[in-house]
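Here it is in structure tokens:
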């Protein structure tokens with residue numbers, strides 16, 4: 001498993017904490033689950049092949 005440092009806006013982190021608490025997970029685990037789900041959904045839509053630096057904004 002790879003370790004990564006990620007910066008979140010305060011409001012995003014608060015939302016992550018709320019999700020983690022609701023699902024009785026750690027914030028780390030909630031991030032891993034949410035990211036995997038988002039990547040799966042992106043691949044199903046057929047938009048998962050790029051390697052660009054799109055920030056989603």
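Numbering (UniProt numbering), first residue to last: 1 to 57.
For each residue, glycine too, the CB sits at the ideal point set by N, CA and C.
Closest residue to residue i among the options (Cα-Cα distance)
{"i": "residue 18", "options": "39, 7, 30", "result": "30"}
{"i": "residue 5", "options": "47, 32, 43", "result": "32"}
{"i": "residue 34", "options": "20, 45, 43", "result": "20"}
Endpoints, the alpha helix (DSSP H) within which residue i is located
{"i": "residue 6", "result": "Element bounds for residue 6: n/a, residue is neither H nor E."}
{"i": "residue 43", "result": "27-45"}
Rounded distance between the beta-carbons of residue j and residue i, thought under 8 Å
{"i": "residue 2", "j": "residue 16", "result": "Incorrect: roughly 19 Å between the Cβ atoms, too far for contact."}
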